[in-house]
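Presented below is the structure to which this report refers.
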Amino acid sequence: MNGTLPRLLAALTALVLLTACTTGAGGDAAPVQLRWYCCLGTGEQADQVKAQQAVVDEFNARHRDIKVKLDVVPYNSARDTLATQIASGKGPDIVGPVGVGGAAAFHGQWLDLGPFIKARGFDLRPYSEGAADLYRIGSVQEGLPFAIYPSTLYYKADLFEEAGLAEPPHKYGEKYRWPDGREAEWNYETLRELALRLTVDKNGKDATQQGFDAGNIVQYGFEPARDDLRYQGSAFGPASLDAGDGKTVKIPEPWADAWRFFYDGMWKDRFIMTGPVFETDRFNGDGAAFFSGHVAMSVNFLWSTYGVAGAGPDWDVAAMPSHDGRTTSPTSADTFRILAGSKHPDKAFEFLSHLVGPASNKLLEAYGAMPARTADQDAFFTKLAAQFTNTVDWQVAKDSVRFADTPHSEAHTPKYNQTLAVLGTYRSRWMTKGGLDMDAELTRLRAEIQKIWDR
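Going letter by letter, the sequence shown gives residues -25 to -1, 1 to 430 in mature numbering (1 follows the signal peptide of the UniProt record, and there is no 0).
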């Protein structure tokens, strides 16, 4: 008996120590460890890191069963670092914020949130119409609505007034009224007519008048989104280079129309500046021609408000034009995603729901992003409006979300990075060389991408 009692006490002590190592206070199971990986997109600035860490600390304090660690990797190395971690089996659980293009680099490695949305009864009704579709890639719901940046038509009201022209319509479905009372559909054909009248040479003649000097233009009528041919194409209609079988390249008709419009606008009609002109100090206003104040109209994302004050105090936003009866507002969309390899997908979804839910306003303010949740948009635009002296019709941006490009222009295609490189080559060629046969160019473009996909 005397030898048995010490052995029994030792066994009990070992059991208590083992339990202490595997449980939390009060005997609860040890908390699940999650890692939030940033920054494939925004999030690395000091104030953003501070806000993100505050969100983590608040979540951890309220959840005994989950502990989250924030892992901040600078944008320039974030993609390669994440790829290495995933390849080694040490990937994080949650990644973001990241846009559709950034996520496409890891296509097939994101968890489908559809079953979790259904099981948890996650309510998508509070979000802008069509917002959830921005994060659906094929049949996979990669993310929940969070930050959106719809495209609108930025324009300078003073230049319209100077030309005796009515401003473009702000409400989708409204027609444009010409000075003679004639009404026209608000489409890219009408925009072209306006752009010609709003393109002016040094002598004050516009591009419709006899004697117009195309070699000495001081004001251009229109500036498209020229930094990505996919975005430029989707302004004419949402589509994909993938014909649908994952191996055949097809140039979508709306994109072909958009690229012809872009090319002819530069080299034939002259209401869009060529590449060399775009690079000049006079017209390159902090990377966006509209910011220079010498462009009457421009299509761009909402986030371009960062430099739009350079255009002067008389700018506003209007509805996107239609093409072939369909209106599209290419929309940049950031959110958080869960890696399919996460060992704790259910807990990761709980944290993800927190990021796009209770923590969203703190994070959206840090990122300077428009909320996808409609109830939060008025407060966002009130704060944004305070940055400018002019009155801007922000309702246009809200209304534009329902015309977002689905499928998204940045969605995955085979040989994603190589395809982007080819598109970039043709973009540069079209901006710098006149006299090209665009039909032949499009045929060559398709063939060149197809050759890459066939490897």
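Just so it is clear, CB atoms sit at the ideal spot from N, CA and C, and this is done for glycine as well.
- Helix, strand or coil for histidine 38 per DSSP? In the sequence shown, counting from the first residue as 1, residue 38 sits at position 63. Coil at histidine 38, not helix or strand.
- Skipping 5 residues on each side, what residues in its chain have a beta carbon closer than 8 Å to that of alanine -12? Here residue -12 refers to the residue found at position 14 of the sequence shown. Here alanine -12 scores only 38 on pLDDT, less than 50, and its place in the model is too uncertain to base an answer on.
- Query: Who are the Cβ neighbours of glutamine 352 in its own chain at under 7 Å, not counting the five residues just before and after it?
  - Reply: To locate residue 352, count along the sequence shown from 1; it is residue 377. Here the set comprises Met345, Pro346, Lys373.
- Task: Note down the Cα distance separating aspartate 40 from phenylalanine 324, rounded to an integer number of angstroms.
- Result: Position 65 of the sequence shown, counted from the start, is the residue given in the question as residue 40. Position 349 of the sequence shown, counted from the start, is the residue given in the question as residue 324. Per the coordinates, the alpha-carbon of aspartate 40 lies some 14 Å from the alpha-carbon of phenylalanine 324.
- Query: Does the region 240 to 258 come within contact of the region 412 to 430, defined as at least 3 CB pairs closer than 8 Å?
  - Reply: no
- Message: Nearest by alpha-carbon distance to arginine 421: which of Arg235, Ile226, Gly118, Gln184 is it?
- Response: Here residue 421 refers to the residue found at position 446 of the sequence shown. Cα-wise, what sits closest to arginine 421 is Ile226.
- Message: Which same chain residues end up closer than 7 Å to serine 279 when comparing Cβ atoms and leaving out the 5 residues on each side of it in sequence?
- Response: The residue labelled residue 279 in the question sits at position 304 within the sequence shown. So the list reads Ala263, once near-sequence residues are dropped.
- Item | Host alpha helix (DSSP H) of glycine 16 (start-end) | On the sequence shown, residue 16 is found 41 positions in, with the first residue counted as 1. Counting along the chain, glycine 16 falls outside any alpha helix (DSSP H), and DSSP gives it neither H nor E.
- Other residues of its chain near serine 215: CB distance less than 6 Å, five sequence neighbours each side excluded: Residue 215 sits at position 240 when you count from the first residue of the sequence shown. Excluding residues within five positions, the ones whose Cβ falls inside 6 Å are Pro382.
- By Cβ distance below 6 Å, which residues in the same chain neighbour lysine 177 in space, the five residues on each side in sequence not counted? As a working mapping, residue 177 is identified with position 202 in the sequence shown. Same-chain partners within the cutoff: Asn191, Val193.
- Task: Look at the alpha carbon of phenylalanine 253 and the alpha carbon of phenylalanine 265, and state the distance between them as a whole number of angstroms.
- Result: Taking the sequence shown and counting its residues from 1, the one referred to as residue 253 is at position 278. Taking the sequence shown and counting its residues from 1, the one referred to as residue 265 is at position 290. Separation of phenylalanine 253 and phenylalanine 265 (C-alpha to C-alpha, rounded to the nearest whole angstrom) is 10 Å.
- Message: Checking the sheet assignment: what are the DSSP bridge partners for methionine 345?
- Response: Against the sequence shown, residue 345 aligns to sequence position 370. For methionine 345, which the question treats as bridged, DSSP gives the partners Ile123.
- Going by DSSP, name the residue or residues bridged to phenylalanine 276. What you label residue 276 is simply residue 301 of the sequence shown in a count that begins at 1. Bridge partners of phenylalanine 276: Ser126.
- Could you pull out every residue in the same chain whose Cβ sits closer than 7 Å to the Cβ of arginine 301, ignoring the five residues on either side in sequence? Looking up residue 301 in the sequence shown gives position 326. Excluding residues within five positions, the ones whose Cβ falls inside 7 Å are Gly212.
- Based on the DSSP secondary-structure assignment, which residues constitute the bridge partners of histidine 298? By 1-based counting over the sequence shown, the position of residue 298 is 323. Per DSSP, Arg301.
- With distances taken Cα to Cα, identify the nearest neighbour of alanine 231 among Ser317, Asp244, Arg205, Asp220. To locate residue 231, count along the sequence shown from 1; it is residue 256. With distances taken between Cα atoms, alanine 231 lies closest to Arg205.
- Query: Is serine 357 buried or exposed, if buried means 16 or more other CB atoms sit within 10 Å of its CB?
  - Reply: As a working note, residue 357 is residue 382 in the sequence shown. For clarity, residue 357 is threonine in the given sequence; the question names serine instead. By the neighbour-count rule (16 or more Cβ atoms within 10 Å), threonine 357 is not buried but exposed.
- Query: Taking C-beta to C-beta, are alanine 294 and tryptophan 153 nearer than 8 Å?
  - Reply: Here residue 294 refers to the residue found at position 319 of the sequence shown. Here residue 153 refers to the residue found at position 178 of the sequence shown. Not closer than 8 Å, so no.
- Query: Under the rule that 16 or more other beta-carbon atoms within 10 Å means buried, what is glycine 76, buried or exposed?
  - Reply: In the sequence shown, residue 76 corresponds to position 101, counting from 1. Buried, by the Cβ-count rule.
- Message: Using the Cβ count rule (16 or more neighbours within 10 Å means buried), how would you classify asparagine 275?
- Response: Residue numbering aside, residue 275 sits at position 300 when the sequence shown is read from its first letter. Counting Cβ neighbours within 10 Å, asparagine 275 comes out buried, since at least 16 surround it.
- Task: Keeping to the same chain, check which residues put their C-beta closer than 6 Å to that of valine 70; ignore five residues upstream and five downstream.
- Result: For the purposes of this step, residue 70 is taken as the residue at position 95 of the sequence shown. If you ignore the 5 residues before and after valine 70, its C-beta comes within less than 6 Å of the C-beta of Tyr12, Arg312, all in its own chain and listed in chain order.
- For alanine 379: DSSP bridge partner residues: The residue you call residue 379 lines up with position 404 of the sequence shown. For alanine 379, which the question treats as bridged, DSSP gives the partners Ser304.
- CB contact flag (glutamine 20, lysine 42, <8 Å): The sequence position of residue 20 within the sequence shown is 45, counting from 1. The sequence position of residue 42 within the sequence shown is 67, counting from 1. Contact: no.
- Backbone secondary structure at proline 251 - three-state DSSP: What you label residue 251 is simply residue 276 of the sequence shown in a count that begins at 1. Correct three-state label for proline 251: helix.
- DSSP beta-bridge partners of valine 175: On the sequence shown, position 200 is the one that residue 175 refers to. Paired residues: Asp181, Gln194.
- Query: CA-CA distance, threonine 400 and serine 384?
  - Reply: Taking the first residue of the sequence shown as 1, we reach residue 400 at position 425. Taking the first residue of the sequence shown as 1, we reach residue 384 at position 409. In this structure, the alpha-carbon of threonine 400 lies about 18 Å from that of serine 384.
- Do you know how far the Cα of phenylalanine 97 is from the Cα of phenylalanine 91? For the purposes of this step, residue 91 is identified with residue 116 of the sequence shown, where counting begins at 1. For the purposes of this step, residue 97 is identified with residue 122 of the sequence shown, where counting begins at 1. For phenylalanine 91 and phenylalanine 97, the distance between alpha carbons rounds to 8 Å.
- Query: How would you write the range of the alpha helix (DSSP H) that tryptophan 230 sits in, first residue to last?
  - Reply: Counting from 1 along the sequence shown, the entry for residue 230 is found at position 255. Where tryptophan 230 is concerned, the enclosing alpha helix (DSSP H) stretches over 228 to 242.
- Query: Under a three-way DSSP split, which group does tyrosine 50 fall into?
  - Reply: Start at 1 with the first residue of the sequence shown, and residue 50 comes out as number 75. In the structure shown, tyrosine 50 falls within a helical segment according to DSSP collapsed to helix, strand and coil.
- Item | Three or more C-beta pairs below 8 Å linking the region 237 to 246 and the region 180 to 189 | yes
- With proline 72 as the anchor, note down where its beta strand (DSSP E) starts and where it stops. Position 97 of the sequence shown, counted from the start, is the residue given in the question as residue 72. Counting along the chain, the beta strand (DSSP E) containing proline 72 begins and ends at 69 to 73.
- Coarse secondary structure for glutamate 33, derived from DSSP in three states: Along the sequence shown, one-based indexing puts residue 33 at 58. If DSSP states are grouped into helix, strand and coil, glutamate 33 belongs with the helices.
- Query: So serine 375 and serine 209 are in contact, right, with Cβ under 8 Å, and what is the actual spacing, rounded?
  - Reply: In the sequence shown, the residue the question calls residue 375 occupies position 400. In the sequence shown, the residue the question calls residue 209 occupies position 234. The Cβ separation is near 13 Å, so there is no contact.
- Message: Is the separation between the beta-carbon of threonine 310 and that of leucine 119 shorter than 8 Å?
- Response: In the sequence shown, residue 310 corresponds to position 335, counting from 1. In the sequence shown, residue 119 corresponds to position 144, counting from 1. It is a contact, given that the beta carbons lie within the stated cut-off.
- Query: In chain order, which alpha helix (DSSP H) runs of at least 4 residues are fully inside the region 352 to 402?
  - Reply: Unbroken alpha helix (DSSP H) runs of no fewer than 4 residues, entirely contained in the region 352 to 402, are found at 352 to 360, 370 to 375, following chain order.
- Task: Taking only the alpha-carbon atoms, compute the straight-line gap between alanine 58 and leucine 327 and give it to the nearest angstrom.
- Result: Within the sequence shown, the letter at position 83 stands for residue 58. Within the sequence shown, the letter at position 352 stands for residue 327. C-alpha separation (whole angstroms): 21 Å.
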